[in-house]
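K.L.:
Chains as they are written, first to last, in the numbering used here: chain H, 1 to 92; chain E, 93 to 370.
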């Protein structure tokens with residue numbers, strides 16, 4: 001546990017982490033790699049496949065690690081990646 | 093799903109002319125990030141796109157006028173500020189933003205810039221500074237750092253560059269900021285602040301040019317330049333613009349000037365009212 005949290009939050013049972021849904025528009029990617037490099041949670045990595053432009057677009061390693069900071073959306077110069085909150089049912 | 097259908101689901105697709113994408117900028121160019129930050133700022137402010145005019149000049153960044161879904165002008169070389177002044181005076185209801193490159197705003201249109209800042213014409217100027225003339229093949233420009241290599245300075249540049257924030261502040265701009273394209277959230281906040289303020293606002297954005305300027309100076313790929321920005325950028329709000337220099341060891345970023353001053357439009361309107369009472 002990080003040092004700065006001194007007590008357990010009272011609503012820890014009710015609190016839910018938001019679930020992210022990462023969309024990658026593969027053929028719009030130019031392969032600069034900013035999203036992979038600057039993701040604070042290392043959610044993305046370079047994929048094996050080659051897109052229409054002849055580069056390797058990113059792929060999602062673990063979507064559950066994403067904390068919806070949307071830094072990848074902002075740093076992408078080609079508008080090729082965006083993150084939205086997953087609207088889920090009661091079960092998730 | 094086709095590319096276009098997928099892109100239409102992007103949260104900012106309403107603000108862009110999606111059929112024109114993918115854009116012409118190179119892999120790793122910062123201009124796309126500046127476009128994203130501008131559009132994101134509009135989205136967060138809930139801006140009325142019918143009351144917004146984007147003006148751009150010639151150059152790589154000049155293409156931005158064609159990508160934003162609003163009334164936009166792609167003007168002659170160096171004249172976006174002159175045209176924007178006319179638009180603002182003809183219809184003071186409009187919000188006017190000029191987005192252009194360093195060569196267009198400071199070499200060819202240098203005089204327009206200093207006089208619009210002196211008059212305090214109500215507009216937001218965003219300058220993408222990539223240290224050379226990218227579109228025409230990487231010639232030496234007024235912002236090229238000392239001793240760096242370009243197509244026209246194969247033995248190193250021997251001209252001292254402009255400090256753009258100092259120039260803007262000395263000319264009388266009311267809001268002056270500098271960011272790199274790595275500071276996306278802070279840049280968005282800065283654009284939001286500038287769009288809400290009255291007067292001449294100037295934001296310089298340091299942007300990588302990996303294919304032309306970066307290649308000649310052996311900066312590696314765009315991602316290496318971005319990593320360097322993370323190491324050497326220093327955030328200093330309210331720092332004296334004359335000291336805020338860009339060197340190879342340090343890039344001083346932040347919001348330097350934030351003052352209030354009557355704008356040219358207001359003074360003109362006041363004079364008009366005074367002499368047309370009868």
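For every residue, glycine included, the Cβ atom is placed at its ideal position computed from N, Cα and C. Just so you know, these numbers come straight off a predicted model, no measurement behind them.
Drop a sphere of 10 angstroms on the beta-carbon of residue 28/H, count the other beta-carbons inside from all chains shown, and report buried for 16 or more, exposed for fewer.
P.N.:
Residue mapping note: residue 28/H aligns to position 28 of the first chain, counting from 1. Counting Cβ neighbours within 10 Å, residue 28/H comes out buried, since at least 16 surround it.
K.L.:
At which residues does the alpha helix (DSSP H) containing residue 276/E begin and terminate?
P.N.:
Start at 1 with the first residue of the second chain, and residue 276/E comes out as number 184. Run containing residue 276/E: 276-288, per the alpha helix (DSSP H) assignment.
K.L.:
When the cut-off is 7 Å and only beta carbons count, does residue 30/H lie next to chain E?
P.N.:
On the first chain, position 30 is the one that residue 30/H refers to. Closer than 7 Å: yes.
K.L.:
So the beta strand (DSSP E) residue 215/E belongs to, where does it begin and stop?
P.N.:
Position 123 of the second chain, counting from 1, holds the residue named residue 215/E. Taken as a continuous stretch (DSSP letters only), the beta strand (DSSP E) holding residue 215/E covers 215-221.
K.L.:
Assign residue 159/E to one of three DSSP states: helix, strand, or coil.
P.N.:
Counting from one through the second chain, the residue named residue 159/E turns up at place 67. Three-state DSSP puts residue 159/E in coil, outside helix and strand.
K.L.:
Can you tell me where the alpha helix (DSSP H) holding residue 308/E begins and where it ends?
P.N.:
Residue 308/E sits at position 216 when you count from the first residue of the second chain. Note, residue 308/E: alpha helix (DSSP H), 305-308.
K.L.:
Expressed to the nearest angstrom, what Euclidean distance is found between the alpha-carbon atoms of residue 75/H and residue 366/E?
P.N.:
In the first chain, the residue the question calls residue 75/H occupies position 75. In the second chain, the residue the question calls residue 366/E occupies position 274. Rounded to whole angstroms, residue 75/H to residue 366/E spans 50 Å at the Cα level.
K.L.:
Three-state secondary structure (DSSP) at residue 42/H?
P.N.:
Here residue 42/H corresponds to residue number 42 of the first chain, with the count starting at 1. Reduced to three states, the DSSP call for residue 42/H is coil.
K.L.:
Quick one: which chain H residues come within Cβ less than 9 Å of residue 120/E?
P.N.:
Counted from its first residue, the second chain places residue 120/E at position 28. Here the neighbours are 30, 31, 32, 33, 34, 77.
K.L.:
Per DSSP, what kind of secondary structure is residue 296/E in: helix, strand or coil?
P.N.:
Taking the second chain and counting its residues from 1, the one referred to as residue 296/E is at position 204. DSSP places residue 296/E in strand when its eight states are reduced to three.
K.L.:
How would you call residue 101/E, buried or exposed, if buried means at least 16 neighbouring beta carbons within 10 angstroms?
P.N.:
Within the second chain, numbered from 1, the residue matching residue 101/E stands at position 9. That one is exposed.
K.L.:
Can you give the Cα-Cα distance for residue 52/H and residue 30/H, rounded to whole angstroms?
P.N.:
The residue labelled residue 52/H in the question sits at position 52 within the first chain. The residue labelled residue 30/H in the question sits at position 30 within the first chain. Spanning the two alpha carbons is a distance of roughly 10 Å.
K.L.:
Mapping DSSP to helix, strand and coil, what is residue 189/E?
P.N.:
Mapped onto the second chain, residue 189/E falls at position 97. If DSSP states are grouped into helix, strand and coil, residue 189/E belongs with the strands.
K.L.:
Rounded to whole angstroms, how far is the Cβ of residue 287/E from the Cβ of residue 133/E, which I believe are closer than 8 Å?
P.N.:
Here residue 287/E refers to the residue found at position 195 of the second chain. Here residue 133/E refers to the residue found at position 41 of the second chain. Yes, they are in contact, since the Cβ atoms of residue 287/E and residue 133/E sit about 6 Å apart, within 8 Å.
K.L.:
Going along chain H, which residues have a C-beta under 8 Å from residue 276/E?
P.N.:
Against the second chain, residue 276/E aligns to sequence position 184. Here the neighbours are 71, 74, 75.
K.L.:
Per DSSP, what kind of secondary structure is residue 233/E in: helix, strand or coil?
P.N.:
On the second chain, position 141 is the one that residue 233/E refers to. Correct three-state label for residue 233/E: coil.
K.L.:
Please report the distance separating the alpha-carbon of residue 35/H from that of residue 322/E.
P.N.:
The residue labelled residue 35/H in the question sits at position 35 within the first chain. The residue labelled residue 322/E in the question sits at position 230 within the second chain. If I take the Cα positions, the gap works out to 15 Å.
K.L.:
Tell me where the alpha helix (DSSP H) around residue 73/H begins and ends.
P.N.:
Within the first chain, the letter at position 73 stands for residue 73/H. Element bounds for residue 73/H: 71-75.
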